[in-house]
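**Student:** Each residue of the sequence shown is one higher than the one before, counting from 1 in full-length UniProt numbering.
Note that beta-carbon positions come from the ideal geometry of N, C-alpha and C, so glycine has one too.
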Amino acid sequence: MMEVTNYIDKIGFCYIPIMVGLYGIIKVVYIFYFYFIEIKKWHKIEGIIVDYSITLFDMDTDGDTYGWKRKVMFEYKINNNSVKSTNFTKNIEFLISSKENASNFYKEYKIGEPILVFFNPKEPKEAIIEKKISFSTLLFLFFALGILTFGILNL
1 MMEVTNYIDK IGFCYIPIMV GLYGIIKVVY IFYFYFIEIK KWHKIEGIIV DYSITLFDMD
61 TDGDTYGWKR KVMFEYKINN NSVKSTNFTK NIEFLISSKE NASNFYKEYK IGEPILVFFN
121 PKEPKEAIIE KKISFSTLLF LFFALGILTF GILNL
């Protein structure tokens, strides 16, 4: 019976944190790759912000997982065809606890404002407007490294 308990402890305190940590690190490495290498292959074009909103995100599974999330819709033209997108970043974003903080934090986009759009020339509907790695992505990297370290130390 003791061997089963030790095995379950190993899974919970070693293997799962190692897998979660590695997944997080791989995700952040992809984001770094995108912003340092891949985006240089994308084309730039002027676009415009057509909609901006801050919406409440609620998991409904428990009362604790909720927060405010931004949604930015922008439009740009490729060969006289208008394209709209809401995929404005490749970064990891966290929910913000209050609407007031979310409103203050995200004043950078205004409806009707021209913006620089980066789009994939191979797939012109794939586009973003944020061109740098965000603090939340770096924070996520530190969380992933911490979880990975926890798992390794418990081997």
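Less than 7 Å separating the beta-carbons of Ile39 and Phe118?
**Tutor:** The answer is yes: Cβ separation under 7 Å.
**Student:** Are the CB atoms of Trp68 and Gly54 within a distance shorter than 7 Å?
**Tutor:** The sequence given here has Ile at residue 54, not Gly. Cβ atoms of Ile54 and Trp68: closer than 7 Å.
**Student:** Thinking just about the alpha-carbon of each residue, which of Glu93, Phe143, Thr137, Thr89 is nearest to the one in Thr129?
**Tutor:** Reading off the sequence, residue 129 comes out as Ile, not Thr. That would be Thr89, whose Cα lies nearest to the Cα of Ile129.
**Student:** In angstroms, rounded to a whole number, what distance separates the CA positions of Tyr15 and Tyr23?
**Tutor:** For Tyr15 and Tyr23, the distance between alpha carbons rounds to 12 Å.
**Student:** If you follow the beta strand (DSSP E) that Phe118 is part of, which residue opens it and which one closes it?
**Tutor:** Taken as a continuous stretch (DSSP letters only), the beta strand (DSSP E) holding Phe118 covers 114 to 120.
**Student:** For Ser85, list the residues DSSP reports as bridge partners.
**Tutor:** DSSP output for Ser85 lists Phe74 as bridge partner(s).
**Student:** What is the C-beta distance between Ile49 and Phe74, in whole angstroms, given that I count them as a contact (C-beta under 8 Å)?
**Tutor:** Indeed, because the Cβ distance is near 5 Å, the residues count as touching under 8 Å.
**Student:** Using CA coordinates, which residue listed in Lys132, Arg70, Ala144 is at the minimum distance from Glu100?
**Tutor:** When only C-alpha atoms are compared, the closest one is Arg70.
**Student:** Using only the alpha-carbon positions, how far apart do Lys10 and Phe135 sit?
**Tutor:** Approximately 33 Å, taken between the alpha carbons.
**Student:** Can you tell me which of Leu153, Thr137, Leu148, Lys132 puts its alpha carbon nearest to the alpha carbon of Phe36?
**Tutor:** Minimum Cα distance to Phe36 is reached at Lys132.
**Student:** Which residue comes first and which comes last in the beta strand (DSSP E) that contains Phe57?
**Tutor:** Unbroken beta strand (DSSP E) run through Phe57: 43 to 58.
**Student:** Using the three-state DSSP reduction, which class does Tyr109 fall into: helix, strand or coil?
**Tutor:** The answer is coil: DSSP assigns Tyr109 none of H, G, I, E or B.
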